[in-house]
Structure formats: C-alpha cells, structure tokens
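In what follows, a structure is listed as structure tokens, so that the remarks can point back to it.
Residue numbers (UniProt numbering): 1 to 156.
Next comes the structure, spelled out in structure tokens:
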C-alpha cells in the first residue's frame, strides 16, 4: 500500500469519509457527531493519510492536535480520527500499516501520545488498537457519556 498525505477536503478523503460515516450509520444508527474542521488536519497540528492500492484509495486515517477542549486529554496528545478500510480490502493488514504511519508522523510532529474513541460495535477496531498497544482510558469528547463508547491511548 502506498500512503500519501492529503488535505481533509481532498476528493479521495471526502469519499472515504462518506463511506466511514455510512459504516457508523449501519453499526450505530447515526453518523459520527464529533466536531471536525478541515484545518484540524493540516500540518503541523494534524495530518490526513490515504492508503492506495493499484491507484485506488482503499484506506484512510488521520490525527489532529487534541486536548484543547477536553480536560481529560493532555497537551501533547494527537487524536486519531477517520480510520477506515474499504470492505474489499479488510483483513490484509492495511489498517495496521496506516496506524503505524499515523503514530510515526504524530511522533515526528512532537506529539507524545495517541488517543482515540471507538465503540463496542466495532470489535475489529478495538482488537486492532489493543494488539498495537493501546490501553483503555477514561472517555472523552462527544461520546463521553455514551455506553457504547470506548477510548484508548498509547504513548508514542
């Protein structure tokens, strides 16, 4: 897989974001309501990555500076967002590759920890994060009070 940094508003990013939002609708009945802005994912305070196979955008993931509006997060946290692999390419290790690149790029940008929110209806995501060293933390953000929400962190 070739991984490229693109803008949050890039057409491939927008297509994959629409697809992941539909995945949330199928699993939870609603789209992700977390507030995100295009500028959240612009260096040096964020990054949006697309994974390409044979010229097709098949995976996405991003991070943004976290902690500015939530007292449970700390300075030096990068929040992972929009992790997604198209169904036809799942089970091939692409999410793990993308996650590694997100961690590496956040570390190079000076961040000390990656944090994320996922949910109980995404057991594959929870399994990936746990197998990559992420540990449960207190819930934060828009889903702080949602019983289906799970939050994780990893020092990078």
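From the three backbone atoms N, C-alpha and C, an ideal C-beta is built for every residue, glycine too.
Since the structure is predicted, the reported quantities are computational estimates derived from the model, not experimental observations.
Inset, instruction - Report yes if the CB atom of residue 62 is closer than 8 Å to the CB atom of residue 89, and no otherwise. - result: no
Inset, instruction - Reducing DSSP to helix, strand and coil, say where residue 156 ends up. - result: coil
Legend entry - C-beta contact flag for residue 82 and residue 107 at 8 Å: no
Inset, instruction - Please classify residue 148: is it buried, with 16 or more other beta-carbons within 10 angstroms of its beta-carbon, or exposed? - result: exposed
Inset, instruction - Spatial neighbours of residue 86 within its chain, please: CB distance less than 6 Å, with the 5 preceding and 5 following residues excluded, ordered by chain position. - result: 58
Legend entry - Residue burial classification, residue 79 (beta-carbon count within 10 angstroms, cutoff 16): buried
Legend entry - Unbroken alpha helix (DSSP H) run spanning residue 123, endpoints: 123-131
Legend entry - Same chain only: Cβ atoms within 6 Å of residue 120, ignoring 5 sequence neighbours per side: 148
Inset, instruction - Tell me whether the beta-carbon of residue 101 lies closer than 8 Å to the beta-carbon of residue 3. - result: yes
Inset, instruction - Along the beta strand (DSSP E) that carries residue 78, what are the first and last residues, could you check? - result: 77-85
Legend entry - Simplified DSSP assignment, three categories, for residue 111: coil
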